[in-house]
Amino acid sequence: MENLIGLLVLAPLLGAGVLLCGGRRLDRSGPWLGTLLAAVSFALGVVLFADMLGKGGEERALDVTVFQWVPVGGFRADVGFHLDQLSMTFVLLITGVGSLIHLYSVGYMAHDERKRRFFGYLNLFLAAMLLLVLADNYLLLYVGWEGVGLASYLLIGFWQHKPSAATAAKKAFLVNRVGDMGLSIAIMLLFTTFGTFAFDPVLDRATDAGEGKLTAIALMLLLAACGKSAQVPLQSWLGDAMEGPTPVSALIHAATMVTAGVYLITRSGAVFDAAPDAQTAVVTVGAVTLLFGAIVGCAKDDIKKALAGSTMSQIGYMILAAGLGPVGYVFAIMHLVTHGFFKAGLFLGAGSVMHGMNDEVDMRRYGGLRKYMPVTFVTFGLGYLAIIGFPGLSGFFSKDKIIEAAFAKGGTEGWILGGAALLGAAITAYYMTRVMLLTFFGEKRWQPDANGELPHPHESPRTMTIPMVVLAFGSVFAGGLFSINDTFLKWLEPVTGHEEGHSPVSALTVTAATMLVLVIGVAIAWAQYGRRPVPVTAPRGSLLTRAARRDLLQDDFNHVVLVRGGEHLTRSLVYVDHTLVDGVVNGTAASVGGLSGRMRKLQNGYARSYAVSMFGGAAVLIAATLLMRAV
Amino acid sequence: MNPVNYLYLAALLFTIGAAGVLIRRNAIVIFMCVELMLNACNLAFVTFARLHGNLDGQIIAFFTMVVAAAEVVVGLAIIVTIFRSRHSASVDDAGLLKL
Amino acid sequence: MSLAASLAASPASTTSTGEAVQFWILAVVAVLGALGAVLMKKAVHSALSLAGTMIVLAVFYLANGAYFLGVVQIVVYTGAIMMLFLFVVMLVGVTAADSLKETIKGQRWLAGLCVLGFGILLMAGISNASLKEWNGVGGANAGGNVEGLAALIFTKYVFAFEITGALLITAAVGAMVLTHRERTERAATQRERAEQRVREGKQSRPSPDHHPSTTGSAWHLPTPAPAPGVYARHNAVDIPGLLPDGTTSDLTVSPTLRARGQVRDVSDEALADLKALEQRSSDWQERGRSEDADAKGASK
Amino acid sequence: MAFPLLTLTAAIPAVGAVATAAVPAGRRTAAKWLALAFSLATLALAAVQLVRFDPDAKGPFQLTESHAWIADFGVRYELGVDGIAVVLIALAALLIPFIMLAGWHDADPQESGSSRWRPTQGFFALILMVEAMVVISFEATDVFLFYIFFEAMLIPMYFLIGGFGDGAAGNGDAGAAAQRSYAAVKFLLYNLVGGLIMLAAVIGLYAVTADQLGSGTFSLQEIVQARAAGKLDIATTTERALFLGFFFAFAVKAPLWPLHTWLPNAMGEATAPVAVLITAVVDKVGTFAMLRFCLQLFPEASKWATPVIVVLALISILYGALLAVGQRDIKRLVAYASISHFGFIVLGIFAMTSQGQSGATLYMVNHGISTAALMLVAGFLISRRGSRLIADYGGVQKVAPVLAGTFLVGGLATLSLPGLAPFVSEFLVLVGTFSRYPAAGIVATLGIVLAALYVLVLYQRTMTGPVKEEVRGMPDLRARELAVVAPLIALLLVLGVYPKPVTEILDPAVRHTMSQVHQADPKPDVNDVEAAK
């Protein structure tokens, strides 16, 4: 079994290697090869899952050290895997959803001449993500962490001829790097505190370290999570990342990559539990982001960006839950899984819509598509219902638990967090309904594309619809499946631990309140977009709307402070280097040269001048002699 | 009077000669000034001989005279040669070695 | 001698008043001579001033008991060396006066500074030395100054003396080598020079031996230069010949004379004479012309 | 007498240089192959060294050779390698063939006149000459011997920088030639000044040993042993002064801020292979010498100077990275990136932890390979378009995907992406620094963000976006070029995933150095973890 874990990671990695180095021979077979290897990986995951189910709750974890990676003095990093229920959940989600997206991409990217490379990148992404969740130490996790960043860089910037895509890719990587900085500092702190950074020894002995150190570690981990999971203040890359092909958005920015932050916090639960201050920071970030993302999602007319805002918001829920400690870990992961299903479905649906609409992304130019794309409509609709938390669907179960847990935090804090979560639910209902109405209902507002052709919406090919259907099943049933008998809770509990929260309001009240805000949100959206015709160009909107369209001015802030400031800094440094640092050097050289030039003039060729110097020298000598005598 | 005054005189003559060497351009005059300086030295030597009460100073002065004679002979020959080719006895014109 | 002998007897602290008087008078002369040597514009004057200083120094040598040197100073220095100087000065051009204007920037300031500093240092050094008493050279001169010197030269300083001899010979040879110009080709005969002159269309090549001022603008004629003087009136070399319009021609006078400004111009005189002549001839022709006119009219 | 393996390793390229230089003008290709053959022979000898080297053997140096040379001044011809040296020799020997291959046509004469001037022969001979000197610098355990070759290296480098342009501005261009000669002179003078100060320190060291030991010596081991035995007691002030003298020269060579300004000029003006030679091979002698001479000869002074040096290294890291962001010239950008990386190396050395020093030594190797990959591909790119300006490129990815891909991998290695070799070393340096100087560690970590910035900006501006008109029709990598880049990238991957063979050789040497400096790693707070496990 142990060897299978290695294979699990190796399969997509091999795919990436073969596809990227294979050359044009693989252009035709490449997509299928990539998909096959993703599927193999999924199959291995299932085998391991079955094996794990055959064991008792506590013995399910599987550790395997493949080889010593960096053995230097007291510093030991191994390439080793740790497969427990938490990683297993992720493995299945990643490989499962990943395989579906591979399949979807076969259709979506069919006409792209560089699709071989695209599948290579997708496989690389899977491999990195698997490495991330399977690593048994933080350094190896870091490798996967950055590998994910690299793959997302390559995928977002896949259409490199578009400057916007290239810029978005760069931005994603850079913002992620800031987060990575947090992770690397966290690892350094772990090393200096514990002398190691393998999960087991660190997490077992977490409480032995001082709380200050633990808080620092936890905060750094939070920074890392913010980067990867697009949480405030490092959320700005996610919206731009929609420049990538839609399957990328589905895979990376919905189902897998952005969940890495949640994984990291959950995995490091022991550290966070021992650092309550850091936990407060985590829940704050989560709560702020869930509102932030939701508000941004409301204002975007680009369907993918609206969904990106939604992703941000949903991850905010997960982070919030993870920040609550053992009360929330399980629900964070549960929401993560259900979100993986419905958000992937939504994105794939959006991709399908764009596919049929000549790559138009502006929802104001959609409308009335339900007749033309029935499968897309149904699957997207199910995803929609799931995300807003329609009773009985996946989102309902997982989100409800999180809101409950937030209230259970207790005190003012609990009320604030719970309130924020409830408000977020309302806004979610609003913006998702908006997306739904604008896209599939109402009259046709189609506009001719750049070539002057009106789009001819049509249903997408089989390779694209099948994954959507499968994901729709997931969106509908996953939540129920997990919640019956607390299956998911029991599955994860041995790893993350669990405590029941003591909510000041009863579970039923929370559910009722959730339903209420849901209805309110949907109703407002209906009032705005369902009853009235929708203008094709966006109205100017209120100050908040305009701010939200610009990602609540975060980018402007970044631009003014970081980009401009950075440009000024580098430009002035270039100047300083040239004028000051090099100037000192060149100045020395020039002054030596100038001095010699001047000294040269003393050698004017007149014997009498030389005589004066000689005579002066003689005078000085005599003076010196006399002085020496006098002394 | 103290014979030291001869020394002062010698110093004065020496400096005047030196000034002439530095100021004048005519090689012949410069030579004459050099001679003046040598003579000043001789005067000093002779005075020293008197002060010390032996003849060594005079011997040195004597040798100086001989050497000065030799020097003048060669120097003036050089001046004449230079003058022949350059039509000038100015030391400032002899600057071929300058860059 | 008796003075020297008395001086030699015991360390003295002062000289005789006579010597003091002599010193103060002659020292002034010496300094003036030195200054003259430095400051005179003409090399000849410098040389003469220097000769004066040297004679004064010879007297001082004698006063200091260096009898031999005193004589040698006069014979060798003033007699031989200074004369050599004068020869060279004559060779180079006795009339040439140097400009005392300084051409090197800052040279005079620097020189002044150095000289002043050096002088002050020397004086300070001398005054620093404690020279209250001295021995006098009388004892050393007791056996005769020349004998004393000779004894030293041929014993203690014999090597230096021999080497000085070698130096003198070397200097003599060197001077000969330096001034001697070996003729590497046969000297051109007068005929050859004349032919070359005609061939080149020039009178003669200015020789490098000539003083720059003699290389005038006149050297362009293949023929001998026109003679000086006004024919039948003057034949002195310093009087330029007249051109037909009565003005003088520079070609006819030696450039040396022109440079010296020793040309006597008689053109005014000649012009006046000419005028008078013309007057007279016109007076005479007055008559002749009317006769002439008559003759013409008659012929018509 | 044992087989003089070390001497032979240095002698082979030297002989090769003479042989290559002697090839007649008409036989350019023969000269190239001859030079390549000699460099491969050197590589083989370096490999033999690696095999014969026993990491677990006792004593600091192995394969030693020792002969009297200038007996009057105690100068000995002493060679020996420790783990660090043997790895760096292997690096140099490994990179030289690639440098030659990459510069295969760089020194072809412009017009095929049958002049007596033989630039090709000269180019390859000079490279071999540099290799010989670098190798012997790594091997020398006598300070004076080291000094001679440390300085002599400048001469062939001077001609390589000044004599061969990259054709970016036209080889015949007078302006380019002037720039190049400026860069070469700057390189020479800068390093000479450093070298002269070191010479003073070398003489000072001799004076001190002569004073206290009776007869002066330059032998590293003798001095170290004498100090350990208490026979040699260098006064604190003297030790510090001597240390500074040595360190200054190495800091110029390394180069450390603010002594770095020669590097961008030299790397910008030289051809790409020569630039690689500078930064990947020659500059390593500087950082290597810090480890071998500064730390071992003057342990107390090293500890005394550490705070200042750490700050300078930090400035180098950030400053180099920021300036790299601001560059408009590809090669200068790589040069500033190298300055940043050298900052990391120096930081690791002076963090005085085993992780830091292992990381730094490993970094030397990895930086050599990664910069070689990036710079050589950049050179191929520049040779195609004839411009070094970033703004002249755009959309290369579309027309030359393999070139762009290899460029990206080189860039990713430069920004220390995990999975590629430099990551391991950079992280070791960071951890090592952090465990002793947490603040410095955090500041240095900023460097990884900036590294991402300059690499990605470079990649974005040159390789992505709409295809520029001038770039259209640019050929992709040729077989020769691929043969240069592919092994380097493979090496980056292998060392990134499995650096253990290298670290195993380095580790004992680093531990030895640490013990020389009397430094132990800081203990973790919770130190019974291993026991508990």
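Chains as they are written, first to last, in the UniProt record's numbering: chain L, 1 to 631; chain W, 1 to 99; chain Z, 1 to 300; chain R, 1 to 533.
In this text, a Cβ means the ideal position worked out from N, Cα and C, and glycines have one as well.
Being a predicted model, the structure only gives us computed values, none of them experimental.
Asp78(L): member of the beta strand (DSSP E) spanning 75-83, first to last residue.
Per DSSP, reduced to three states, the secondary structure at Tyr77(R) is strand.
Note: His102(L) is not bridge-paired with any residue in the DSSP secondary-structure output.
Measuring C-alpha to C-alpha distances from Ala177(R) to each of Val134(R), Lys284(R), Gly268(R), Phe298(R) identifies Gly268(R) as the nearest.
Taking C-alpha positions only, Thr579(L) is separated from Trp159(L) by approximately 40 Å.
The residues Gly179, Gly182, Val232, Pro233, Leu234, Gln235, Gly261, Val285, in chain order, have a CB closer than 8 Å to that of Cys226(L) in the same chain once the five nearest residues on each side in sequence are set aside. Residues of chain W whose Cβ lies closer than 9 Å to the Cβ of Arg608(L) are, in chain order, Val21, Leu22, Ile23, Arg24, Arg25, Ile30, Val91, Asp92.
Only residues of its own chain outside the window of five on either side were considered, and among them Ile388, Gly389, Phe390, Ala425, Ala426, Ala429 have a CB closer than 8 Å to the CB of Leu518(L), listed in chain order. Looking at Cys21(L), Asp63(L), Val106(L), Ile94(L), the one whose alpha-carbon comes closest to that of Thr465(L) is Val106(L). The beta-carbon of Trp134(Z) is placed less than 8 Å from the nearest beta-carbon of chain W. For Thr284(L), there is no enclosing beta strand (DSSP E); the enclosing alpha helix (DSSP H) has its first and last residue at 276-299.
DSSP places Lys42(Z) in the strand class (E or B) of the three-state scheme. Going by beta carbons, Thr376(L) and Gly395(L) fall outside the 8 Å limit. Between the alpha carbons of Gly30(L) and Ala39(L) lies a gap of roughly 14 Å.
According to the DSSP secondary-structure assignment, Asp362(L) is paired through a beta bridge with Asp302(L).
With respect to the 8 Å criterion, Ala209(L) and Thr193(L) are classified as neighbours on the basis of their beta carbons. Under the three-state reduction of DSSP output, His512(R) falls in the helix class. Its Cα nearest to that of Arg24(L), the residue Gly120(L) stands out among Lys162(L), Gly120(L), Gly593(L). Listed along the chain, the chain L residues whose CB falls inside 8 Å of the CB of Gly441(R) are Ile185, Met188.
Spatial neighbours of Ser310(L) in its own chain (CB-CB distance under 6 Å, excluding positions within 5 residues in sequence) are listed in chain order as Gly297. Only residues of its own chain outside the window of five on either side were considered, and among them none has a CB closer than 6 Å to the CB of Leu32(Z). Under DSSP, Asp329(R) takes part in a beta bridge, and its partners are Leu389(R). For a Cβ distance threshold of 8 Å, residue set Phe615, Ala618, Ala619, Ile622 of chain L lies close to Phe118(Z), ordered along the chain.
Residue range 62-72 is occupied by the beta strand (DSSP E) that includes Val72(L), with no alpha helix (DSSP H) assigned at that position. Pro475(R) and Ile382(R) have their C-alpha atoms spaced approximately 12 Å apart. With its beta carbon less than 8 Å from one in chain W, Gly605(L) belongs to the interface.
Listed along chain R, the residues sitting closer than 9 Å to Met181(L) by beta-carbon distance are Ile442, Thr445, Leu446, Ile448, Val449. Spatial neighbours of Phe250(R) in its own chain (CB-CB distance under 6 Å, excluding positions within 5 residues in sequence) are listed in chain order as Gly286, Ala289, Met290. Collapsing the DSSP output to three states places Thr248(Z) in a strand. At a cut-off of 8 Å, the C-beta of Thr164(Z) has a neighbouring C-beta in chain W. Taken atom to atom, the span from the alpha-carbon of Val177(Z) to that of Thr81(W) is near 10 Å. Under the three-pair Cβ rule at 8 Å, the region 64-73 of chain Z counts as touching the region 139-154 of chain Z. For Ala68(R), the enclosing beta strand (DSSP E) covers residues 62-70.
The CB of Ile104(Z) comes closer than 8 Å to the CB of Asn604, Tyr606, Arg608, Ser609 in chain L, given here in chain order. In the structure shown, Asp577(L) falls within a helical segment according to DSSP collapsed to helix, strand and coil.
Per DSSP, reduced to three states, the secondary structure at Ala351(R) is coil, with no helix or strand assignment.
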